[in-house]
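Below: the structure, in structure tokens.
Structure follows, in structure tokens:
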């Protein structure tokens, strides 16, 4: 509400205001000169997106969860471990995914 406080939407929030968790990936700037650099850049950026999410919503993740995500050697394994944590009946929030390429 602070960001949009002076605007109509800030003064009249919708029922869904603040109900989405934000997961953002920024894939711009990945070095694509080789397969290895592309794969490594993708993994680094996936982990960065997940870690920013974890930092913002740390109550959802145990230390073990975070270690498993960060120690993943591929983006696929990293994403699988991340979403395994959120595939929990206690987790009711929707995630809004933003991708910058």
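Numbering (this note's numbering), first residue to last: 13 to 113. For glycine and all other residues, C-beta sits at the position ideal for the given N, C-alpha and C.
Distance between beta carbons of residue 65 and residue 35, contact taken as under 8 Å: Here residue 35 refers to the residue found at position 23 when the chain shown is read from its first residue. Here residue 65 refers to the residue found at position 53 when the chain shown is read from its first residue. Between residue 65 and residue 35 the Cβ distance is about 5 Å, and since that is below 8 Å, they are a contact.
Would you mind reading off the limits of the beta strand (DSSP E) that contains residue 106? Position 94 of the chain shown, counted from the start, is the residue given in the question as residue 106. Counting along the chain, the beta strand (DSSP E) containing residue 106 begins and ends at 106-112.
Going along the chain, which unbroken runs of the alpha helix (DSSP H) with 4 or more residues stay wholly within the region 67-95? Listed in chain order, the complete alpha helix (DSSP H) runs (minimum 4 residues) inside the region 67-95 are 75-82.
Under the three-state DSSP convention, the category residue 45 falls into: Position 33 of the chain shown, counted from the first residue, corresponds to residue 45. In the displayed model, residue 45 falls within coil according to three-state DSSP, outside both helix and strand.
DSSP three-state call for residue 37: helix, strand or coil? Walking along the chain shown from the start, residue 37 turns up at place 25. Correct three-state label for residue 37: strand.
Backbone CA spacing between residue 81 and residue 71 [nearest angstrom]: Locating residue 81 in the chain shown gives position 69, counting from the first residue. Locating residue 71 in the chain shown gives position 59, counting from the first residue. Taking the straight line from one Cα to the other gives about 15 Å.
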